[in-house]
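So the structure is just underneath, and the comments pick up after that.
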Amino acid sequence: MTIERTLSIVKPDAVSKNQIGEIIHRFERAGLKVVAAKMLRLSKERAEAFYDIHKNRPFFNDLVNFMLTGPVLVQVLEGDNAIAKNREIMGATNPKDAAPGTIRADLAESIEANAVHGSDSPENAKVEINFFFTPAEIYSRA
Ligand code: ADP
Ligand code: MG
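All the letters of the sequence shown, read from the start, carry residue numbers 0 to 141 under numbering that gives the first Met the number 0.
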């Protein structure tokens, strides 16, 4: 068992479609626990900082603007192998390539408005969790 924590974001498209519960239910069914959560609206500066690793990609400006279109739910998921497990439940970035039964295959509209974000490595998970949460806001249930 490797208990990990990862950052998950329910993106503006899924929030506006009232799919928060549907998405969290999928994490919980897979054994992941929500140990921190809040809803917020990103500023342009915060969205640019969060996606800084993508700043040279052609889709960067569109991605930042999309993340500003409405509130998001940010959460920390905890559980065995949480980083890879979350990515598996999310599905591939492009919903057209996502495996059947994944969040993105079932709920996402496009490669940009793709319902969820999930950390892709232990290093990034740590940075991304610290970006949104202080240690006192995380309620470990490991
Ligand atoms: P993932 O979210 O699966 O980790 P990436 O880290 O590669 O994917 O990209 C971050 C986000 O940028 C994606 O979730 C998606 O919203 C957006 N994105 C990625 N590739 C494209 C693209 N080719 N066109 C538009 N938006 C994209
Ligand atoms: Mg990514």
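We put the CB at the ideal spot given by N, CA and C, even for glycine.
These numbers were taken from a predicted model, which means no experiment stands behind them.
Cβ of residue 49 versus every heavy atom of ligand 1: is any distance shorter than 7 Å?
no
Where does residue 85 land, buried or exposed, given buried means 16+ other C-beta within 10 angstroms?
buried
From this set, 39, 38, 81, 125, which residue's C-alpha is nearest residue 28's C-alpha?
81
For residue 43 and residue 67, what's the separation of their Cα atoms in angstroms?
7 Å
Residues in the same chain with beta-carbon distance under 7 Å from residue 92, minus the five sequence neighbours each way, listed in chain order, please.
Taken in chain order, the residues that qualify are 110, 113.
Let me check one thing: in DSSP terms, what residues is residue 38 bridge-paired to?
72
At which residues does the beta strand (DSSP E) containing residue 4 begin and terminate?
2-9
Counting pairs of beta carbons, one from the stretch 17-27 and one from the stretch 119-138, are three or more of them closer than 8 Å?
no
With DSSP as the reference, identify every bridge partner of residue 115, one or two as the case may be.
9
May I ask you to check if the CB of residue 96 is nearer than 7 Å to at least one heavy atom of ligand 2?
Because no heavy atom of ligand 2 lies under 7 Å away, the Cβ of residue 96 does not count as near it: no.
Indicate, with yes or no, if ligand 1 has a heavy atom lying under 7 Å from the CB of residue 12.
No; taking the cut-off as 7 Å, the Cβ of residue 12 has no heavy atom of ligand 1 nearer than that.
Looking at the secondary structure, which residues open and close the alpha helix (DSSP H) in which residue 148 lies?
No information on residue 148 is available, as it lies outside the stretch 0 to 141 that the chain covers here.
Tell me the DSSP bridge mates of residue 32?
77
So what does DSSP say about residue 141, is it helix, strand or coil?
coil
Does residue 110 come out as helix, strand or coil in the three-state DSSP assignment?
coil
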